[in-house]
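**Q** Just so you know, the sequences run in chain order C and E.
When the letters of the first sequence are read in order and numbered with our numbering, they come out as residues -15 to 203.
When the letters of the second sequence are read in order and numbered with our numbering, they come out as residues 80 to 321.
My questions will all concern the structure given below.
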Amino acid sequence: MIWDWAFAFEILPVLARAAIVSIEATLIGFALAASLGLVLAVVRIAVPWTGWTISVLVELIRSTPLLIQIFFLYFVFPKFGVVLDAFTAGVLAIGIHYAAYCSEVYRAGFDNIHRGQWEASIALNLSSWTTFRDIIIPQAIPPIVPALGNYLVALFKETPLLSAIAVMELMQTAKIIGSDTFRYTEPMTLVGLFFLAMSLVSAVLIRSLERLLNRRTMR
Amino acid sequence: MGIRTLVTLLIVALGVIAALATQEAYSLFLPGLLQGAVLTIEIAILGSLLAIVMGVLAALARMYGPAPLRWLATVYVEIFRGTSALVQLFWLFFVLPQFGVTLNAFLVAVLALGLNVGAYGSEVVRGAIQSVARGQWEACTALNMSRPQMLRRIILPQAFVAMIPPWGNLFIELLKSTALVSLITLSDLAFKAQQMNQNTFKTIPIFTLVLLMYLAMSLVVTIGMRLLERRASLGLARGKAA
């Protein structure tokens, strides 16, 4: 028989534990991406001469494969005497990669702020820190939350790449089960179903979040 | 970024590769990496072609197909968008043989990446077709065109222009995803880099070259798509003015 239910139930707890590692990597990676992306986008506006450097940096990060960036960080840090464990290096690479994407999202959010808001802030003699914190960011962030949500889902789907540097996340665990038992069908399919379920659920969540935000801004 | 900046960036990237190639620490790795890059490009091109075919077919099936075809296309799109590319690659590589279908790694790579990007592409195609102004559809109906005629002569040529930028992004995604095939034993650019790194521990020269090579390839795709977009929309603007 191709599909063995008993075996599938046997490996389910092992995979569930590994799924927690995947979700941890997603949350830490996204927290890093969202905050670093915001910093990049703000610096770009607040310090005009960095604009060119930041856009080249973003272009560089976005047009090279994440897998190579993960390898690079994992192998390059030890050269400078900093030994990172695989999980840290991998999550750092994912966070930086998605920070480049997120910074573009924030930039679009900032571009949508009416010019009068900036001018009024200058007229009121607000410092650029206060302008960002109290005027721009509260208006710019809500409309881009769905876009950020989409990147959260995309980032989650990239976590299997961590298996390439032997982080014991979902994919690596499934591969090990497969090579130990010579049964790949159940672990691989279960991993696929897990990702499918998570993506479908988050798609629904993002859509309702979008509706909620639309209703708030309409008022 | 403007097209001029992109071209400048490409020239700089190629220049840096050429300059590094004169140094022995770097030139040592170049032949092997170039060999890997050829495989990367092959997979990227074949994958992109498959993605275009799948994207158009799935979009048309979802919009105009009979119910069973529509469901099939929806299931395809949801499965390939909902799971990650690496999972799909491993599933085709490790699980499919257990059902008696053994494909070689190259075919698995092209299939997995093409099907994955095709699923995203179908949404692009669908969006572009729906973005064509309603008056165009109504005019077709008024002229008594059949649906295939309408699509082929009026709708698709206009939708094509709107599709170019998002397809450009998808081609870049596909190009970057080819690095994953190194994990199913294909010796592409990423695989060569990994292999050389394990043999020599010269991480910085190897990965610097590899990153620059991927950057150059992505830039070529971006610039090509920009030029295509410019050409395609030029024709459209002329049509409007006349």
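Positions of the beta carbon are idealized from the N, C-alpha and C atoms, including for glycine.
Just curious, the alpha helix (DSSP H) that D69 of chain C is in, first and last residue?
**A** Careful: D69 of chain C lies outside any alpha helix (DSSP H) and carries neither H nor E.
**Q** Cβ of R305 of chain E within 7 Å of Cβ of I122 of chain E?
**A** Not closer than 7 Å, so no.
**Q** With a CB to CB cut of under 8 Å and the five nearest residues on each side skipped, what residues in its chain are close to A148 of chain C?
**A** So the qualifying residues of the chain are L51, I54 and F55.
**Q** V300 of chain E and I263 of chain E: beta carbons closer than 7 Å?
**A** No, Cβ-Cβ distance for V300 of chain E and I263 of chain E is not below 7 Å.
**Q** Which of the three DSSP states is assigned to F108 of chain E in this structure?
**A** Here F108 of chain E sits in coil by DSSP.
**Q** Along the chain, where does the alpha helix (DSSP H) containing S19 of chain C start, and where does it finish?
**A** S19 of chain C -> alpha helix (DSSP H) spans W(-11) to A30.
**Q** What's the gap between the Cα of R99 of chain C and the Cα of P130 of chain C?
**A** In a straight line, the C-alpha of R99 of chain C is about 23 Å away from that of P130 of chain C.
**Q** With distances taken Cα to Cα, identify the nearest neighbour of T322 of chain E among C:F179, C:V188, C:E43 and C:P49.
**A** The question about residue 322 of chain E has no answer here: the residues shown for chain E are numbered 80 through 321.
**Q** In chain order, what are the residue ranges of uninterrupted alpha helix (DSSP H) at least 4 long that sit wholly in the segment 43 to 111 of chain C?
**A** Taking only runs of at least 4 residues, the alpha helix (DSSP H) segments lying wholly in the segment 43 to 111 of chain C are 50 to 60, 70 to 95 and 99 to 107.
**Q** For the putative contact between A3 of chain C and F178 of chain C, defined by C-beta atoms under 8 Å, what is the C-beta separation to the nearest angstrom?
**A** So it is a contact: roughly 6 Å between Cβ atoms.
**Q** Should R28 of chain C go down as buried or exposed, given a rule of 16 or more other Cβ atoms within 10 Å for buried?
**A** Buried.
**Q** Along chain E, in chain order, which residues have C-beta atoms closer than 9 Å to that of E142 of chain C?
**A** Ordered by position in chain E, the residues that pass the 9 Å Cβ test against E142 of chain C are S163, A164 and L165.
**Q** Could you round the C-beta distance between S183 of chain C and V137 of chain C to whole angstroms and report it? I think they count as a contact, below 8 Å.
**A** Right, the Cβ-Cβ distance comes to about 6 Å (below 8 Å), so this counts as a contact.
**Q** What three-state label does DSSP hand T143 of chain C in the structure shown?
**A** Here T143 of chain C sits in helix by DSSP.
**Q** Determine, using beta carbons only, whether V166 of chain E and V188 of chain C come nearer to each other than 7 Å.
**A** Contact: no.
**Q** Please list the partners that F179 of chain C has in chain E, where partner means a Cβ-to-Cβ separation under 9 Å.
**A** Chain E residues near F179 of chain C: G161, T162, S163 and V166.
**Q** Scan the segment 286 to 299 of chain E for residues whose Cβ lies nearer than 8 Å to a Cβ of chain C and list them as they occur along the chain.
**A** Listed in sequence order: F286, V289, L290, Y293, L294, S297 and L298.
**Q** Given this structure, state the Cα-to-Cα distance separating L89 of chain E from L288 of chain E, to the nearest angstrom.
**A** Between L89 of chain E and L288 of chain E, the C-alpha separation is close to 14 Å.
**Q** Closest Cβ-Cβ distance between A130 of chain E and chain C: below 7 Å?
**A** Chain C, which has no Cβ nearer than 7 Å to the Cβ of A130 of chain E, makes this no.
**Q** Taking the continuous alpha helix (DSSP H) assigned at G193 of chain E, which residues delimit it?
**A** It spans A184 to Q209 - the alpha helix (DSSP H) in which G193 of chain E sits, taken as one unbroken run.
**Q** K80 of chain E versus chain C: which residues are under 7 Å apart at the beta carbon?
**A** Per the sequence presented here, residue 80 of chain E reads as Met, with Lys not at that position. Within chain C, the residues near M80 of chain E are S39 and E43.
**Q** Do you know how far the Cα of M172 of chain C is from the Cα of G214 of chain E?
**A** About 48 Å.
**Q** Helix, strand or coil for S127 of chain E per DSSP?
**A** Helix.
**Q** Could you work out which residue in E:A164, E:M275 and E:A188 is closest to L265 of chain E when comparing CA atoms only?
**A** L265 of chain E has its Cα closest to that of E:A188, out of E:A164, E:M275 and E:A188.
**Q** What's the call for I(-14) of chain C, buried or exposed, on a 16-neighbour Cβ count within 10 Å?
**A** Exposed.
**Q** Is D69 of chain C near the ligand COA, judged by its Cβ being under 6 Å from some heavy atom?
**A** As presented, the structure is devoid of all ligands, the ligand COA included, so that no description of it is given.
**Q** If you measure from the beta carbon of L184 of chain C to each beta carbon in chain E, is any gap under 7 Å?
**A** Cβ-Cβ to chain E under 7 Å: yes for L184 of chain C.
**Q** Kindly list, in the order they appear in chain E, the residues whose Cβ is closer than 7 Å to that of G162 of chain C.
**A** Those are F173, listed as they occur along chain E.
**Q** Taking the alpha-carbon of D(-12) of chain C as reference, which of E:Q177, E:P110 and E:P147 has the nearest alpha-carbon?
**A** The residue with the shortest Cα to Cα distance from D(-12) of chain C is E:Q177.
**Q** Kindly indicate the opening and closing residues of the alpha helix (DSSP H) around K255 of chain E.
**A** Its alpha helix (DSSP H) spans residues L235 to S256.
**Q** Please list, in chain order, all residues of the same chain as I96 of chain E whose beta carbon is under 6 Å from its beta carbon, the five residues on each side excluded.
**A** For I96 of chain E, where only same-chain residues beyond five positions count, the Cβ hits under 6 Å are L291.
**Q** Name the chain E residues whose beta carbon is nearer than 7 Å to that of V175 of chain C?
**A** Correct list: V166.
**Q** Which chain E residues are close to V27 of chain C, counting only those with a beta carbon under 7 Å from its beta carbon?
**A** Ordered by position in chain E, no residue passes the 7 Å Cβ test against V27 of chain C, which lies about 18 Å from the chain.
**Q** Spatial neighbours of V26 of chain C within its chain, please: C-beta separation below 7 Å, excluding the five flanking residues on both sides.
**A** The answer, listed in chain order, is F116.
**Q** Contact check, T157 of chain C vs V(-2) of chain C under 8 Å by CB: the rounded distance?
**A** About 6 Å separates the two Cβ atoms, so the contact holds.
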